[in-house]
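The listed protein sequences correspond, in order, to chains L and U.
Residue numbering for the first sequence follows the working numbering, beginning at 6 and increasing consecutively.
Residue numbering for the second sequence follows the working numbering, beginning at 89 and increasing consecutively.
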Amino acid sequence: METADGKQYHVNLKRGDVGKYVLLPGDPGRCEAIAALFDNPVHVTQNREYNTYTGTLDGVKVSVTSTGIGCPSAAIAIEELVLVGADTFIRVGTSGHIQKDIKSGELAIINAAIRDEGTSLHYMPIEFPAIADIDLVLALQRAAKKTGAKYRTGITQSKDSFYGQHEPERMGVGPDLLNRWKAWEIGGALCSEMEASALFVIASMLRVRAGGVMMVHGVDPMPPLDILLQTSVQALREIIAEDKANGRAVEL
Amino acid sequence: MTKQHHIQLEAGDVGRYVLMPGDPGRVEVIARHLDNAKHIATNREYVTYTGFLDGVKVSVTSTGIGCPSAAIALEELVRVGADTFIRVGTSGAIQPGTKSDELAIITGAIRDEGTSLHYMPAEFPAVANLEIVQALRRAAAASKTPFRLGITQSKDSFYGEVEPERSGVPDRLLKRWKAWEIGGAICSEMESSTLFVVASILGVRAGGIMVMWADGDFKGLDSLIETAIGGVRELIKGDNNGDS
Numbered sequence: 006m007e008t009a010d011g012k013q014y015h016v017n018l019k020r021g022d023v024g025k026y027v028l029l030p031g032d033p034g035r036c037e038a039i040a041a042l043f044d045n046p047v048h049v050t051q052n053r054e055y056n057t058y059t060g061t062l063d064g065v066k067v068s069v070t071s072t073g074i075g076c077p078s079a080a081i082a083i084e085e086l087v088l089v090g091a092d093t094f095i096r097v098g099t100s101g102h103i104q105k106d107i108k109s110g111e112l113a114i115i116n117a118a119i120r121d122e123g124t125s126l127h128y129m130p131i132e133f134p135a136i137a138d139i140d141l142v143l144a145l146q147r148a149a150k151k152t153g154a155k156y157r158t159g160i161t162q163s164k165d166s167f168y169g170q171h172e173p174e175r176m177g178v179g180p181d182l183l184n185r186w187k188a189w190e191i192g193g194a195l196c197s198e199m200e201a202s203a204l205f206v207i208a209s210m211l212r213v214r215a216g217g218v219m220m221v222h223g224v225d226p227m228p229p230l231d232i233l234l235q236t237s238v239q240a241l242r243e244i245i246a247e248d249k250a251n252g253r254a255v256e257l
Numbered sequence: 089m090t091k092q093h094h095i096q097l098e099a100g101d102v103g104r105y106v107l108m109p110g111d112p113g114r115v116e117v118i119a120r121h122l123d124n125a126k127h128i129a130t131n132r133e134y135v136t137y138t139g140f141l142d143g144v145k146v147s148v149t150s151t152g153i154g155c156p157s158a159a160i161a162l163e164e165l166v167r168v169g170a171d172t173f174i175r176v177g178t179s180g181a182i183q184p185g186t187k188s189d190e191l192a193i194i195t196g197a198i199r200d201e202g203t204s205l206h207y208m209p210a211e212f213p214a215v216a217n218l219e220i221v222q223a224l225r226r227a228a229a230a231s232k233t234p235f236r237l238g239i240t241q242s243k244d245s246f247y248g249e250v251e252p253e254r255s256g257v258p259d260r261l262l263k264r265w266k267a268w269e270i271g272g273a274i275c276s277e278m279e280s281s282t283l284f285v286v287a288s289i290l291g292v293r294a295g296g297i298m299v300m301w302a303d304g305d306f307k308g309l310d311s312l313i314e315t316a317i318g319g320v321r322e323l324i325k326g327d328n329n330g331d332s
């Protein structure tokens with residue numbers, strides 16, 4: 006939805022403001038630290054929880070836009086970013102561990118998401134899988150090898166309630182939450198966060214690419230996020246190089 | 089050692105790598121592409137041949153039509169030592185403009201069936217193993233076989249798809265088919281989603297490659313089998329290099 010000055014209603018961006026490649030952290034406060042890893046980063050705009058910086062990597066325009074917490078605001082971000090020309094998205098964030106042997110600081114490179122949220126049901130029936138773009142999964146794996154990050158590739162649970170995960174016993178549906186958490190563990194899911202599934206389902210519908218990398222919070226305190234941010238930025242370099250090699254346009 | 093109840097196989101009968109057509113009659117055709125293939129067992133819809141590719145034991149076991157029988161095949165094959173599964177089958181095209189010589193390499197599946205709900209809640213994604221997807225892509229690229237990469241709809245009713253108007257729930261079927269098209273799904277078949285979900289639970293690898301019915305024809309049946317065999321060779325190469 007455009008405003009009178011040609012900007013998208015929520016993200017406050019117009020065509021030309023962002024590159025085709027966009028990193029999507031949840032936290033608006035994290036955008037500046039990610040943009041510091043770009044060449045020539047410029048703060049473009051902030052409106053509500055949507056904060057955007059644009060710079061370059063290997064001479065190609067790239068951006069970082071925060072989504073806020075949860076699929077409702079993340080869906081708005083990806084819809085409006087596609088309308089201003091972006092087509093490749095990597096969610097960069099933090100998550101809780103589901104598999105008990107994951108240590109704090111390991112990265113989860115996401116290949117698919119559990120649709121444990123309400124937003125993506127406004128787009129597709131529940132049976133439709135929330136799948137990450139495979140070339141972004143591979144780019145993130147190459148990036149993690151280069152940054153030396155310890156990583157696993159697998160499934161994330163995308164949920165609507167942070168406190169339903171952390172304090173299920175006080176919820177009216179506590180037993181259901183606990184049963185379902187056990188199911189995700191049995192199914193092999195790695196981690197739990199709050200945005201990936203809607204991003205993946207909407208990306209499928211809009212024929213754009215979405216992937217994700219999360220630092221996982223295990224039992225111990227979290228280390229600094231530097232290697233997460235470095236890996237996400239390196240993944241953009243990897244996919245840009247591959248797109249150039251394949252003759253795919255890297256600029257709008 | 090006792091044999092698994094339905095597939096009538098025991099440890100040693102099959103390799104780590106198993107190709108899984110739906111049709112028992114197609115097992116022999118696929119097995120001709122293996123070295124020294126031997127018929128091992130036939131019981132119900134489960135026919136198994138085992139042979140070799142590049143000196144490594146590889147098997148072909150049919151699943152029968154539908155997720156209920158496919159789930160049994162996968163469960164029992166894992167119990168006799170297999171851990172890498174490629175569904176090889178036929179499907180209907182969903183996207184307009186699909187050509188009948190294009191193959192579908194599957195990245196994920198729509199869980200439009202009942203079996204996988206006995207394993208995991210519906211929100212859990214049916215996702216293909218990445219190494220298998222890449223192996224099939226490399227095989228298709230090497231033989232210059234045209235293919236699409238994407239999502240399949242795995243359904244429980246063949247006639248609900250091809251003749252929805254005579255179903256008691258025609259509006260539902262037609263609306264949902266439109267949703268799958270909007271979502272970018274490339275084809276429709278009847279086994280993948282359960283194979284992927286059960287494989288996630290069991291910690292094994294599953295993927296799929298399908299020929300698509302389009303323009304009133306299947307043109308890619310030969311290239312389907314050749315590409316699937318090429319995919320297994322790629323996996324063997326990768327596994328020997330320690331990629332997995």
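Where a beta carbon is used, it is the ideal one built from N, C-alpha and C, also for glycine.
On a predicted model such as this, the values are computed, not experimentally measured, just so you know.
(request) Throw me the rounded Cβ distance for the serine 179/U and methionine 300/U pair, which I believe falls under 8 Å. (result) With 8 Å as the limit, serine 179/U and methionine 300/U qualify as a contact, their Cβ atoms being about 5 Å apart.
(message) Considering only their Cβ atoms, is the gap separating glycine 103/U from threonine 138/U smaller than 8 Å?
(response) Yes; because the gap between Cβ atoms is below 8 Å, this pair is in contact.
(message) Considering only DSSP beta bridges, list what threonine 70/L is partnered with.
(response) Note: threonine 70/L sits in a beta bridge opposite Thr57/L.
(request) State the DSSP-derived secondary structure class of methionine 248/L, mapped to helix, strand or coil. (result) As written in the sequence, residue 248/L is aspartate, which differs from the methionine given in the question. In the structure shown, aspartate 248/L sits in a helix (DSSP, three-state: H, G or I).
(request) Taking the CB atoms as reference points, tell me whether alanine 91/L and alanine 203/L lie closer together than 8 Å. (result) No. Outside cutoff.
(request) Return the residue from the list Leu237/U, Gly152/U, Glu322/U and Arg260/U that minimises the CA-CA distance to isoleucine 65/U. (result) Past the edges of chain U, shown from 89 to 332, lies residue 65/U, and the structure says nothing about it.
(request) Kindly indicate the opening and closing residues of the alpha helix (DSSP H) around phenylalanine 173/U. (result) Per DSSP, phenylalanine 173/U is not a residue of any alpha helix (DSSP H); the beta strand (DSSP E) it occupies stretches across 172-181.
(message) When you compare the CB of glutamate 132/L with every CB in chain U, is at least one pair closer than 8 Å?
(response) Closer than 8 Å to the CB of glutamate 132/L there is at least one CB belonging to chain U.
(message) Using a Cβ-Cβ cutoff of 9 Å, what residues of the segment 181-203 of chain U are near chain L? List them in chain order.
(response) The residues in question are Thr195, Gly196, Ala197, Ile198, Arg199, Asp200 and Glu201.
(request) Indicate whether the contact test is met: 3 or more Cβ pairs, each with one atom in the segment 54-71 of chain L and one in the segment 243-255 of chain L, closer than 8 Å. (result) Touching, yes.
(message) On the DSSP letters alone, give me the boundaries of the alpha helix (DSSP H) that serine 204/U sits inside.
(response) Careful: serine 204/U lies outside any alpha helix (DSSP H) and carries neither H nor E.
(request) Would you list, in chain order, the members of the segment 205-231 of chain U that have their beta-carbon closer than 7 Å to a beta-carbon of chain L? (result) Result list: Met208, Pro209, Ala210, Glu211, Phe212, Pro213, Ala214, Val215, Leu218 and Val221.
(request) Return no unless some Cβ of chain U is closer than 8 Å to the Cβ of aspartate 121/L. (result) Look at aspartate 121/L: its C-beta is under 8 Å from a C-beta on chain U.
(request) Grab the span of the alpha helix (DSSP H) containing leucine 88/L for me, first residue to last. (result) From DSSP, the alpha helix (DSSP H) with leucine 88/L extends over 76-88.
(request) Return the first residue and the last residue of the alpha helix (DSSP H) that arginine 175/L is part of. (result) It is not in any alpha helix (DSSP H) - arginine 175/L carries neither H nor E in the DSSP assignment.
(request) Output the distance between the C-alpha atoms of leucine 141/L and alanine 99/U, rounded to the nearest integer angstrom. (result) Leucine 141/L and alanine 99/U: Cα-Cα distance of roughly 38 Å.
(message) I need the DSSP call for threonine 236/L, collapsed to helix, strand or coil.
(response) DSSP, reduced to helix, strand and coil, places threonine 236/L within a helical segment of the structure shown.
(message) Please return the same chain residues whose Cβ sits closer than 6 Å to the Cβ of serine 311/U, not counting the five positions on each side in sequence.
(response) Contacts found: Thr233.
(message) Which of the three DSSP states is assigned to arginine 120/L in this structure?
(response) Secondary structure of arginine 120/L (DSSP, three-state): strand.
(request) Compute the distance between the beta-carbons of leucine 323/U and glutamate 219/U, then report whether it is under 8 Å. (result) In contact: leucine 323/U and glutamate 219/U (Cβ atoms closer than 8 Å).
(message) Taking the straight line between their C-alpha atoms, what separation do you get for phenylalanine 246/U and phenylalanine 306/U?
(response) When rounded, the distance between both Cα atoms is 17 Å.
(message) Can you confirm whether alanine 254/L, when its beta carbon is compared against all beta carbons of chain U, has any partner nearer than 8 Å?
(response) Residue contact check for alanine 254/L against chain U: no CB pair falls below 8 Å.
(request) With DSSP collapsed to three states, give me the class of tyrosine 156/L. (result) Here tyrosine 156/L sits in strand by DSSP.
(message) If I measure Cβ to Cβ from glutamate 163/U and keep anything under 7 Å in the same chain, skipping five residues before and after, which residues do I get?
(response) Val286.
(message) Within 8 Å of any Cβ in chain L, is that where the Cβ of isoleucine 270/U sits?
(response) Residue contact with chain L for isoleucine 270/U: present (Cβ-Cβ distance below 8 Å to some residue of chain L).
(request) Using alpha carbons as the reference points, say which of Pro33/L, Arg35/L and Thr50/L lies closest to tyrosine 14/L. (result) Selection Pro33/L, Arg35/L and Thr50/L evaluated against tyrosine 14/L yields Thr50/L as nearest (Cα-Cα).
(message) Please tell me whether serine 157/U and threonine 149/U are closer than 8 Å, where the distance is taken between their beta carbons.
(response) No, these two residues do not count as a Cβ contact at 8 Å.
(request) Return yes when the Cβ of alanine 227/U is within less than 8 Å of the Cβ of glycine 319/U, no when it is not. (result) Contact check for glycine 319/U against alanine 227/U passes: the beta carbons are separated by less than 8 Å.
(request) Note down the Cα distance separating valine 178/L from serine 100/L, rounded to an integer number of angstroms. (result) A direct Cα-Cα distance of roughly 22 Å separates valine 178/L from serine 100/L.
(message) Taking the alpha carbon of cysteine 196/L as the reference point, which residue from Val16/L, Val67/L and Lys108/L has its own alpha carbon closest?
(response) Closest by C-alpha distance to cysteine 196/L, out of Val16/L, Val67/L and Lys108/L, is Lys108/L.
(message) Beta-carbon within less than 8 Å of proline 112/U's beta-carbon, same chain only, minus the 5 sequence neighbours each way: which residues are those?
(response) Excluding sequence neighbours, proline 112/U sits near Thr130, Glu133, Tyr134, Val135, Ser150 and Gly152.
(message) Considering only the alpha carbon of each residue, which of Ala149/L, Tyr128/L, Leu112/L and Ala194/L lies closest to methionine 227/L?
(response) That would be Leu112/L, whose Cα lies nearest to the Cα of methionine 227/L.
(request) Would you kindly report the start and end of the unbroken beta strand (DSSP E) that includes aspartate 44/L? (result) In the DSSP assignment, aspartate 44/L falls within the beta strand (DSSP E) that extends over 44-52.
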